[in-house]
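>
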Amino acid sequence: MHQTKTHAFEPKIVAFVCTWCTYAGADLAGTSRLQYPANTRVVKFPCTGRIDPVFILRAFQKGADGVLVSGCHPGDCHYMAGNFHARRRFAAFRALLDFIGVDLQRLQFSWVSAAEGGKWVEVATELTERVRQMGPMREFKELESEEQWSGVIDTPELKEAYNAI
Amino acid sequence: MTNTAQTIDLSLYAAVTEAVQAEARKVLEAGIVAAVVGWQAGRRKGTALPAIVTDPAKAKELIFSPACVNNLALYLTKAKKEIRAKGKIAIVAKGCDLKALVGLMGENQLKREDIHIIGVVCPGVQGANADRAQPLSETTIAGKCRECTVHTPEGADVTVGTLPQLPHFTPAESEELARLEAMTPAERWGFWKEHFSRCIRCYACRQVCPFCYCEQCLCDRNRPQAVESTPRPAGNMAWHIVRAMHLAGRCAGCAECERACPMDIPLNLLNRKMAKELKELYGFEAGFEVKEKGPLAQYREDDDQSFIK
Ligand code: SF4
Ligand code: SF4
Ligand code: SF4
Chain A
1 MHQTKTHAFE PKIVAFVCTW CTYAGADLAG TSRLQYPANT RVVKFPCTGR IDPVFILRAF
61 QKGADGVLVS GCHPGDCHYM AGNFHARRRF AAFRALLDFI GVDLQRLQFS WVSAAEGGKW
121 VEVATELTER VRQMGPMREF KELESEEQWS GVIDTPELKE AYNAI
Chain B
1 MTNTAQTIDL SLYAAVTEAV QAEARKVLEA GIVAAVVGWQ AGRRKGTALP AIVTDPAKAK
61 ELIFSPACVN NLALYLTKAK KEIRAKGKIA IVAKGCDLKA LVGLMGENQL KREDIHIIGV
121 VCPGVQGANA DRAQPLSETT IAGKCRECTV HTPEGADVTV GTLPQLPHFT PAESEELARL
181 EAMTPAERWG FWKEHFSRCI RCYACRQVCP FCYCEQCLCD RNRPQAVEST PRPAGNMAWH
241 IVRAMHLAGR CAGCAECERA CPMDIPLNLL NRKMAKELKE LYGFEAGFEV KEKGPLAQYR
301 EDDDQSFIK
């Protein structure tokens, strides 16, 4: 009998976390031996305020299927207001990505404190499972593999200039 | 003939030109300013280019016409230090340019007392690809001017001209924005991908923007490199996202970036979208009053966080 081999898709999730709350929370999940999918790669930052939207972009470009950004709950920031600033920046960035045509389901923000090992597990599992359902993030990868300038010469002036070369 | 595009009465421009010249002469002669930044006629008929006048006798070279497209606020930023070094400067500004000046003041790039603003009432300027021999009408006017809300600038030291009755133009940019918003994300991705992959990364959009005054642009850094500098589709997408993000809440909507773009990429659509989002989210509009902090440089404890788990 013929058997079809299915290639299991394993999502790559990049998590940008702040060192003071979420990183400690993820650490707690580990020391408490809580189980969660091994798809998450954690990158530690001093503060969510340091997480430039360009990092999220870079993660998608370099192969992430989902991105998680997590820091301290409002009011608990080690630097007082880093997460408040980050919150506005991310709200704007989400709107921009949405307008460009990126599915926001792949991008999750959360507040996870140092005591919330369980919440970390929950957030990381939920995003991983959701992205698993959605399949690979193709858009950025496809762009990445397009080596050539793929512009269409669509104005008469440009066509003329091009033909004159 | 049917469907004649209504044209704009050009007599205002001549009157404004005269008033600008008189004001420039006056402030230069009185020694109030060291230089006037304005526009002068270009060599080809129907064109104009930026001019910096220091001699009162040369004030008569200044003009205002539908070809005065440039946002002169650019000449007062850090990127053009040599001009500011002259002393107090007078600048001729249309309503949309004044918004850029106001934004720069909010960002501590300019001090109100260091500049003398000659506001000009402006019915509109020519679009980037318009035939300059044609009169100013719905077909030749810049997209931003079709739905301008600042024809008469406010808060200038002097404002010259009186706005004539203007024809009603369809707000093409807003309509296009609404069309995009109604698309599915995949369609929008396709739309932008097509446009961005045409980008040649000449950075004209950056050089012409009064708010792109960083002495080193993130996009020029290569250690570490956040955004690829070669015009590959992936790097282009990143460049455009970074550009729109860095201008969110700051952009004055002068549409100079879009005008300067040789590849006809509709950059002002992105600018408009971000301005609209920040207005909806934080009730912020750039460029109408000098504000110490833009929407992304401040916060409120009760800001929306429904998207955060
Ligand atoms: S947007 Fe308004 S002020 Fe600016 S050039 Fe157009 S009509 Fe003039
Ligand atoms: S981004 Fe474009 S429209 Fe906005 S201020 Fe800069 S040049 Fe003007
Ligand atoms: S001006 Fe146009 S082609 Fe040049 S970098 Fe900007 S968007 Fe790209």
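Top line first, the protein sequences correspond to chains A and B. Numbering follows the UniProt record's numbering, with no gaps: position 134 of the first sequence is 134. Numbering follows the UniProt record's numbering, with no gaps: position 106 of the second sequence is 106. Quick reminder that beta carbons are idealized off the backbone N, C-alpha and C, glycines included. It should be emphasised that the depicted structure is a prediction, and the values quoted were computed from it without experimental measurement.
1) Are there three or more Cβ pairs, one per stretch, closer than 8 Å when the stretch 122-141 of chain A is compared with the stretch 7-19 of chain A?
2) Could you check which residue in A:S70, A:R33, A:K62 and A:Y36 has the C-alpha nearest to that of K44 (chain A)?
3) Identify every run of the alpha helix (DSSP H) within the UniProt domain "4Fe-4S ferredoxin-type" (242-272) of chain B, keeping only runs that are complete inside it and at least 4 residues long; order them along the chain.
4) Identify each residue in the stretch 69-100 of chain A for which the Cβ-Cβ distance to at least one residue of chain B is less than 8 Å, and report them in chain order.
5) Any beta-carbon of chain A closer than 8 Å to the one on Y299 (chain B)?
6) Return the chain-ordered list of same chain residues with a C-beta closer than 7 Å to the C-beta of C261 (chain B), the five sequence neighbours on each side being excluded.
7) Would you kindly check if the distance between the Cβ of I265 (chain B) and the Cβ of R198 (chain B) is under 8 Å?
8) How many Å lie between M1 (chain B) and A130 (chain B) at the Cα?
9) What are the boundary residues of the beta strand (DSSP E) that includes S110 (chain A)?
10) Counting Cβ pairs closer than 8 Å, one from the stretch 133-143 of chain B and one from the stretch 75-94 of chain B, do we hit at least three?
11) L177 (chain B) and L269 (chain B): beta carbons closer than 8 Å?
12) Could you check whether the Cβ of P123 (chain B) sits closer than 7 Å to any heavy atom belonging to ligand 1?
13) Does DSSP put I83 (chain B) in a helix, in a strand, or in coil?
14) In the DSSP assignment, what residue or residues form a beta bridge with R41 (chain A)?
15) Label I241 (chain B) either buried or exposed according to how many other C-beta atoms from any shown protein chain fall within 10 Å of its C-beta, with 16 as the threshold for buried.
16) Check whether the Cβ of T155 (chain A) lies closer than 8 Å to any Cβ atom in chain B.
17) Going along the chain, which unbroken runs of the beta strand (DSSP E) with 3 or more residues stay wholly within the stretch 122-147 of chain A?
18) Specify the secondary structure class of P50 (chain B) as computed by DSSP and reduced to three states.
19) Taking the C-alpha atoms as reference points, what is the distance between R132 (chain B) and V150 (chain B)?
20) F307 (chain B) to T159 (chain B), Cα distance in whole Å?
21) List, in chain order, every chain A residue whose beta-carbon is nearer than 9 Å to that of M274 (chain B).
22) So, helix, strand or coil for G117 (chain A), using DSSP?
23) Going by the CB atoms, is the gap between I100 (chain A) and W192 (chain B) shorter than 8 Å?
24) Taking only beta-carbon atoms, is W20 (chain A) less than 8 Å away from chain B?
25) Considering only residues of the stretch 23-106 of chain A, which uninterrupted beta strand (DSSP E) runs meet the minimum length of 3 residues and lie entirely inside it, listed in chain order?
26) What does the alpha-carbon distance come out to for the pair E107 (chain B) and A286 (chain B)?
27) Does DSSP put H168 (chain B) in a helix, a strand or coil?
28) Quick check: the Cα distance between G117 (chain A) and C77 (chain A), rounded to an integer number of angstroms?
29) Could you please go through the chain and list the residues whose beta-carbon is closer than 7 Å to any non-hydrogen atom of ligand 2?
30) Below 7 Å CB to CB, which residues in the same chain sit around L104 (chain A) once its five sequence neighbours on both sides are set aside?
31) What does G38 (chain B) pair with, by DSSP beta-bridge criteria?
32) Considering only DSSP beta bridges, list what Q126 (chain B) is partnered with.
33) With the cut-off set at 8 Å, would you say A67 (chain B) and G38 (chain B) are in Cβ contact?
34) Can you tell me which of the three DSSP states P233 (chain B) falls into?
35) E116 (chain A) CB to nearest chain B CB: under 8 Å?
36) Taking the alpha carbon of residue 321 (chain B) as the point to measure from, which residue in B:E194, B:V20, B:G249 and B:Q225 has its own alpha carbon closest?
If we stick to the structure as given:
1) yes
2) A:S70
3) 256-260
4) P74, G75, A81, F84, H85, R87, R88, R89, F90, A91, A92, F93, R94, A95, L96, L97, D98, F99 and I100
5) At least one beta carbon of chain A lies nearer than 8 Å to the beta carbon of Y299 (chain B).
6) Closer than 7 Å at Cβ, skipping near neighbours: A204, C205 and L267.
7) yes
8) Here M1 (chain B) scores only 37 on pLDDT, less than 50, and its place in the model is too uncertain to base an answer on.
9) Looking at the DSSP string, the run of the beta strand (DSSP E) that includes S110 (chain A) is L107 to W111.
10) no
11) yes
12) yes
13) helix
14) A:V14
15) Result: buried.
16) yes
17) none
18) P50 (chain B) falls in the strand class under three-state DSSP.
19) Cα to Cα, the separation comes out at about 23 Å.
20) For F307 (chain B) and T159 (chain B), the distance between alpha carbons rounds to 45 Å.
21) What M274 (chain B) touches in chain A: A92, A95, L96 and F99.
22) helix
23) Cβ distance < 8 Å, so W192 (chain B) and I100 (chain A) count as in contact.
24) no
25) 40-45 and 66-71
26) So the alpha carbons of these two residues sit roughly 11 Å apart.
27) coil
28) Their Cα atoms are separated by approximately 18 Å.
29) In chain order, the hits are B:N71, B:A100, B:C205, B:V208, B:C209, B:P210, B:F211, B:C212, B:L247, B:C251, B:A252, B:G253, B:C254, B:A255, B:E256, B:C257, B:E258, B:L267, B:N268 and B:N271.
30) Within its own chain, the residues whose Cβ lies closer than 7 Å to the Cβ of L104 (chain A), once the five positions on either side in sequence are excluded, are R94, L97 and D98, listed in chain order.
31) B:A51
32) In the DSSP assignment, Q126 (chain B) is bridged to B:I141.
33) no
34) helix
35) For E116 (chain A), the answer is no, since every Cβ of chain B falls outside 8 Å of its Cβ.
36) Limits of chain B in this structure are 1 at one end and 309 at the other, which puts residue 321 (chain B) out of reach.
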